[in-house]
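Trainee: First to last, the protein sequences are chains A and B.
Convert by adding 6 to the 1-based position in the first sequence; the result is the number in this note's numbering.
Convert by adding 168 to the 1-based position in the second sequence; the result is the number in this note's numbering.
Here you go, one structure.
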Amino acid sequence: MEVNSLAFLLFFVPVLGLNAALSRWPRAQNTLLLAASWGYFALADAKALALVAALTAAFFALGRAIGAAGSDDRRAFRTTLLATALLFWFKYLAFFAGVAGSLLGQVGWTRLEIFAPLGVSFFVFRLVSYAVDIYRGKLDPETDFTAFAAYVSFFPTALAGPIERPAPFLSQLRKARTWDHRLVADGARQILWGLAKKTLVADNLAAVVDQAWTDLHRLPGWTLLLVAPLYALQMYADFSGYSDLAIGASKMLGIRISPNFRYPFFASNMAEYWRGWHISLTSWLTDYVFLPLNVAFRDLGKLGVCLAAVANLVLVGVWHGANWTFAVFGLYHGLLLVPLVLTGAMQKRTAPPAPGLLGLPRPVHALRMLGVFCLSTLGLVVFRAESLSQAGSYLSRAATFAGGEATAVYDLLSKVELRIGGLFALLLLAVEWFRRDREYALVLDRGTPIWKAWPLYYGLVLLVVLYGASGAGFIYARF
Amino acid sequence: MGREEILEKVQEVLREELDNPSISVSAASTASEVPGWDSLAHVQIVSAVEKAFGVRFTSREIFRWNNVGEMVESISSRK
């Protein structure tokens, strides 16, 4: 049940109504959230519900044990080991079995079926950060099981994030979420924006990109060069659109979730790009992987920082799944950060460059943004491929301007989705550029009159109805 | 070595590592209050403090510090 489906709407509206009705009783609201979240899991994947419930109970007990243990380090390590072992089992065993199988020549290993519950990457990360934050003394163990369970399985963000941290989320559950019409309106607006990005840009471009990858060996290199940036735009619109839907739905329930994207294509370098792309994952890995590795390697100076950065980005890659393409994607991005570490540019947070004529980016900044976009696009070709050899075929055909079949080119370029998706992608970039000071581009100034706001909303809805493509699920729901 | 002396020396290390001679910290100071003291600089600062005092902190200690005073306590416990 994806968050952009009618089924979700039919599920969400009664929950929203009940949540508002129970607004004087936070514990009742938490019970409702938990029931809705577990119900959502049960509908999406009943096996996932069993796993979530079992892990929630286990970590609730373990959290209290870590808190009680004081200076005993071993329990925290065992907890984290258990959680990562589970993640490893469900996501990577088949992959490593396949690798071992191919190395040993035993093809049968690759047919091993592993039960990989939906959303496993996300709720396991929430559990791990809960345990580690208690271990680090940053969080007290939660005593209210309902609130804790609601945090772990919170349905708007359950299947594809954002990955919220325990402290800010749990502190919101302790208070009553009274009906705040501004927050509800903001949430609804953000949902509309996310839906527009998903249907107008992502789903239209998906039709083009999918066909190009299917016809990879029939299309000439120049066409593949054209399609590569379309996938980058599709990925951005899809995932940031999903995040807007999840964050908007959370706001309507009175819960604030941190932004997951901050205009990464306007970054001046790759470190800045990663500070704006899938923020909840990269900040999670920074706090729980990069910094501990950095601390462990601190005697190596800048080399240590480089090693930690590369390892961190490789993990960003393999978090997505058990395929060498994801590992190479991560390694590629890790290596791109090395020059920034060595020159000290990695942690420099300079003020955004002042805009030029008519508010457009100055030439130097525009070139930097283009460079970042091209580097991101290249990595995403590998990310999109089903195997390294397929990625290699794509890139070599594009780089050598390989020949192709005219009919394949015609079939691709005549797709109406190319014109619609391309146009709306450009419009999206333009709108976001001029409104990049806002949490999301559709945030309106306080006091914006109804006669300005509502035509905009109805206009967007009309565009979605007329030009929105449909059918494709969210890319990140499969990770 | 007294805590005041340790604090002064930590302040010197901060000024050198962050290249800012005007930095002034107290026991209650947190990283967010000191310009340039972000998570990457933090590891660099920890390493410099270890060298300056000839001590070695555990990872858990490093992540548990909430302010400069707690870092000073960790140093003091080893002196």
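We put the CB at the ideal spot given by N, CA and C, even for glycine.
What three-state label does DSSP hand H284/A in the structure shown?
Mentor: Note: H284/A maps to coil in three-state DSSP.
Trainee: Nearest to A252/A by alpha carbon, out of P369/A, V316/A, V295/A, A166/A?
Mentor: Of the listed residues, the one whose Cα sits closest to A252/A is A166/A.
Trainee: Compute the Euclidean distance between the alpha carbons of R132/A and T37/A, then round it to the nearest angstrom.
Mentor: Each residue's Cα considered, the two are about 19 Å apart.
Trainee: The alpha helix (DSSP H) spanning I426/A covers which residue range?
Mentor: It spans 422 to 440 - the alpha helix (DSSP H) in which I426/A sits, taken as one unbroken run.
Trainee: Return yes when the Cβ of S135/A is within less than 8 Å of the Cβ of Y294/A, no when it is not.
Mentor: A contact, by the Cβ cut-off of 8 Å.
Trainee: Run through DSSP, which three-state label would K144/A get?
Mentor: K144/A: coil per DSSP, three-state reduction.
Trainee: Go to I253/A, then tell me how far its alpha helix (DSSP H) extends in each direction, as first and last residue.
Mentor: Where I253/A is concerned, the enclosing alpha helix (DSSP H) stretches over 227 to 258.
Trainee: Just tell me which of F272/A, A277/A, I263/A, W325/A has its CA closest to the CA of L291/A.
Mentor: Selected option, being the one with the closest Cα: W325/A.
Trainee: With a threshold of 16 other CB atoms inside 10 Å of the CB of H223/A, please say whether the residue is buried or exposed.
Mentor: Exposed, by the Cβ-count rule.
Trainee: Residues in its own chain within less than 8 Å of L346/A by CB, not counting five upstream and five downstream?
Mentor: For L346/A, where only same-chain residues beyond five positions count, the Cβ hits under 8 Å are N275, M276, A277, M352.
Trainee: If you draw a straight line from the C-alpha of K458/A to the C-alpha of G204/B, how long is it?
Mentor: Straight-line Cα distance between these residues: approximately 43 Å.
Trainee: Taking T331/A as the reference, give the member of F151/A, A372/A, V311/A, G398/A with the closest Cα.
Mentor: Residue G398/A is the option with its Cα nearest to T331/A.
Trainee: My output table needs one value for E445/A: the three-state DSSP class, helix, strand or coil.
Mentor: The answer is coil: DSSP assigns E445/A none of H, G, I, E or B.
Trainee: Using a Cβ-Cβ distance under 8 Å, would V214/B count as near chain E?
Mentor: Structure shown: chain E not included; protein chains present are A and B.
Trainee: Leaving out the 5 sequence neighbours to the left and right, which residues in its chain are closer than 8 Å to D146/A when beta-carbon positions are compared?
Mentor: Answer for D146/A: G73, I140, listed in chain order.
Trainee: Just to confirm the assignment, what range does the alpha helix (DSSP H) spanning V316/A have?
Mentor: Taken as a continuous stretch (DSSP letters only), the alpha helix (DSSP H) holding V316/A covers 308 to 325.
Trainee: What is the C-beta distance between L198/A and Y463/A, in whole angstroms, given that I count them as a contact (C-beta under 8 Å)?
Mentor: With 8 Å as the limit, L198/A and Y463/A qualify as a contact, their Cβ atoms being about 6 Å apart.
Trainee: V178/B and V211/B look like a contact to me (Cβ under 8 Å); what is the Cβ gap, rounded to whole Å?
Mentor: In fact, because the Cβ distance is near 15 Å, the residues do not count as touching under 8 Å.
Trainee: Would you kindly check if the distance between the Cβ of L206/A and the Cβ of F379/A is under 8 Å?
Mentor: In this structure, L206/A does not lie closer than 8 Å to F379/A by Cβ.
Trainee: Using the Cβ count rule (16 or more neighbours within 10 Å means buried), how would you classify S395/A?
Mentor: Looking at its Cβ environment, which holds fewer than 16 other Cβ atoms inside 10 Å, S395/A is exposed.
Trainee: Rounded to whole angstroms, what is the Cα-Cα separation between G453/A and V471/A?
Mentor: Answer to the nearest angstrom: the Cα atoms are 28 Å apart.
Trainee: Restricting to Cα atoms, I'd like to know which of R30/A, L424/A, F18/A, R444/A is closest to G45/A.
Mentor: Selected option, being the one with the closest Cα: F18/A.
Trainee: Please go through the same chain and pick out, in chain order, the residues whose beta-carbon is closer than 8 Å to the beta-carbon of V215/A, but skip the five residues on each side of it.
Mentor: Contacts found: V233, L236, Y237, Q240, R390.
Trainee: Measure the Cβ-Cβ separation of L175/B and I213/B and say whether it is below 8 Å.
Mentor: No. Outside cutoff.
Trainee: Give me the chain A residues within the contact set of L208/B, using Cβ-Cβ distance strictly less than 8 Å, ordered along the chain.
Mentor: Neighbours of L208/B on chain A, chain order: N300, V311, M352, Q353.
Trainee: For L24/A, collect the residues of the same chain with a Cβ closer than 7 Å to its Cβ; drop the 5 residues on either side in sequence, then sort them by chain order.
Mentor: Here the set comprises L38.
Trainee: If the criterion is Cβ atoms closer than 8 Å, does the pair G260/A and R195/A meet it?
Mentor: No; because the gap between Cβ atoms is not below 8 Å, this pair is not in contact.
Trainee: If you compare alpha carbons, which of Q35/A, I426/A, L319/A is closest to W283/A?
Mentor: If we check each option's Cα against that of W283/A, L319/A comes out closest.
Trainee: Do R232/B and R142/A have their C-beta atoms closer together than 8 Å?
Mentor: Their beta carbons are under 8 Å apart, which means R232/B touches R142/A by this criterion.
Trainee: Can you grab the Cα-Cα spacing for the pair I243/B / D187/B, in whole Å?
Mentor: Their Cα atoms are separated by approximately 23 Å.
Trainee: With distances taken Cα to Cα, identify the nearest neighbour of A218/A among I426/A, L468/A, L434/A, Y416/A.
Mentor: Ranking I426/A, L468/A, L434/A, Y416/A by Cα distance to A218/A puts Y416/A first.
Trainee: Looking at C-alpha atoms only, which residue of T349/A, Q178/A, A412/A, S127/A is the closest neighbour of G327/A?
Mentor: When only C-alpha atoms are compared, the closest one is S127/A.
Trainee: Taking the alpha helix (DSSP H) that A56/A falls in, what are its first and last residues?
Mentor: It spans 52 to 75 - the alpha helix (DSSP H) in which A56/A sits, taken as one unbroken run.
Trainee: Identify each residue in the region 136 to 150 of chain A for which the Cβ-Cβ distance to at least one residue of chain B is less than 7 Å, and report them in chain order.
Mentor: Residues passing the 7 Å Cβ filter: R142, G143.
Trainee: Excluding five sequence neighbours on each side, which residues of the same chain lie with their C-beta closer than 6 Å to the C-beta of E119/A?
Mentor: Residue placement at E119/A is flagged as unreliable, the pLDDT there being 43, under the threshold of 50; a coordinate-derived value is accordingly withheld.
Trainee: Leaving out five residues before and five after H339/A in sequence, what residues of the same chain have Cβ atoms less than 8 Å from its Cβ?
Mentor: Once the five neighbours on either side are set aside, the close Cβ partners of H339/A are M276, W280, L319, V322, G323, G385.
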